[in-house]
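Working notes, structure below.
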Amino acid sequence: MRVAPLTAYDMNFTDGDNDNVLVERVRNGDRMAMKRLYDRYSGFLASTCYRYISDNDEAKDVIQISFIKIFRAIGKFRPRGKGSLKAWMNKVAANESLKYLRNKRRLKIAGEVSEFPDVEDIPDVPDDLSTVPQAVIMGFIRDLPDGYRTVFNLYVFEEKSHREISHLLGISESTSASQLHRAKAMLAKRISDYIRNHE
Numbered sequence: 006m007r008v009a010p011l012t013a014y015d016m017n018f019t020d021g022d023n024d025n026v027l028v029e030r031v032r033n034g035d036r037m038a039m040k041r042l043y044d045r046y047s048g049f050l051a052s053t054c055y056r057y058i059s060d061n062d063e064a065k066d067v068i069q070i071s072f073i074k075i076f077r078a079i080g081k082f083r084p085r086g087k088g089s090l091k092a093w094m095n096k097v098a099a100n101e102s103l104k105y106l107r108n109k110r111r112l113k114i115a116g117e118v119s120e121f122p123d124v125e126d127i128p129d130v131p132d133d134l135s136t137v138p139q140a141v142i143m144g145f146i147r148d149l150p151d152g153y154r155t156v157f158n159l160y161v162f163e164e165k166s167h168r169e170i171s172h173l174l175g176i177s178e179s180t181s182a183s184q185l186h187r188a189k190a191m192l193a194k195r196i197s198d199y200i201r202n203h204e
C-alpha cells in the first residue's frame with residue numbers, strides 16, 4: 006500500500022484526535038496517522054493475540070498481520086459509536102489468531118466428552134481476585150491447551166455463544182461446553198493454588 010510522505014501538517018497531529026479523524030487520515034494514506042493508530046491500539050491487539058497464541062514470536066507475527074489487514078480494510082470500516090473501532094480491530098485480531106492456529110494445525114479440539122470425565126469439581130475461587138495480578142491470570146490463560154484456551158477466549162472475551170463457537174471451530178455445541186468447563190476448572194485450580202501459595 007502506498008502512503009503519502011510526511012509533511013509539516015503531520016507535526017500538528019495530536020494524541021487528542023478522536024478515532025474518526027484518525028481513521029479518515031489513515032484512509033487517505035497518512036503515515037503519521039497509521040503510526041498513531043498502531044501506537045494507540047498495538048497494546049490492546051497484542052493482549053488479544055497473546056490470549057490465543059501462547060508462543061510470543063508467533064503472537065507478534067499475528068499482531069503484524071492483523072495491522073496489515075486493518076490498514077488494507079479500513080476503507081470498509083463504518084463507525085457505529087464510541088468503541089466501534091476498537092471492537093472492529095479486536096475482531097480482526099481474533100480472526101487472524103484463529104486462522105493462524107488452524108493453518109499451523111495447532112487447533113486440536115477433543116471430541117465430545119460425556120459428563121466431563123477426569124475433571125474434578127471446579128474449586129472454589131474467592132470472589133475478590135485483587136491479590137492475583139492480572140498478568141498472572143493472563144499467563145494462566147495462555148498456558149491452557151490450545152483447544153481449551155480458544156473456546157475460553159471466544160466465550161469469555163468475545164462473548165460468543167456455544168452455538169457461534171461451534172460454527173467458528175467446526176465442533177459441536179456440547180464439545181464447546183466441555184472445553185469451556187475444563188478450561189474453567191484448570192484456571193480455577195491454578196488461581197486457587199496461587200492464592201494459597203501467596204497468603
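In this text, residue positions in the sequence shown follow my numbering: the first is 6, and each later residue adds one. Ideal Cβ positions, reconstructed from N, Cα and C, are used throughout, including at glycine.
Gln-139 is classed as exposed because its beta carbon has fewer than 16 other beta carbons within 10 Å across all chains shown. Annotation: Ile-176 is outside any alpha helix (DSSP H) and is labelled neither H nor E by DSSP.
Residue burial annotation: Gly-152 is buried, with at least 16 other C-beta atoms found within 10 angstroms of its C-beta. Tyr-57 sits close to Ser-102, with the two beta carbons spaced by under 7 Å.
Judged by DSSP in its simplified three-state form, Asp-151 adopts helix.
A Cβ-Cβ separation of about 5 Å places Ile-68 in contact with Ala-51 under the 8 Å criterion.
C-alpha of Gly-80 to C-alpha of Arg-32: approximately 6 Å in a straight line.
Following the DSSP letters along the chain, one finds Phe-72 inside the alpha helix (DSSP H) bounded by residues 61 to 78. For Ser-89 and Asn-61, the gap between their C-alpha atoms comes out near 27 Å. With fewer than 16 other Cβ atoms inside 10 Å of its own Cβ, Ala-92 counts as exposed. Taking C-beta atoms under 8 Å as the contact rule, Arg-147 and Ser-59 qualify, at a distance of about 5 Å. Here Thr-53 really is in contact with Ala-99; their C-beta atoms are around 6 Å apart, less than 8 Å. Taking all protein chains in view, the Cβ of Ile-75 is crowded by 16 or more other Cβ atoms within 10 Å, so the residue is classified as buried. Secondary structure at Phe-157: helix, using DSSP grouped into helix, strand and coil. In this model, Phe-145 and Leu-192 are separated by some 6 Å (Cα to Cα). Counting of Cβ neighbours within 10 angstroms places Ser-183 among the buried residues, the total reaching 16 or more. The shortest CA-to-CA distance from Leu-27 to any of Asn-95, Leu-159, Pro-84 is the one to Pro-84. Going by beta carbons, Leu-185 and Tyr-160 fall inside the 7 Å limit.
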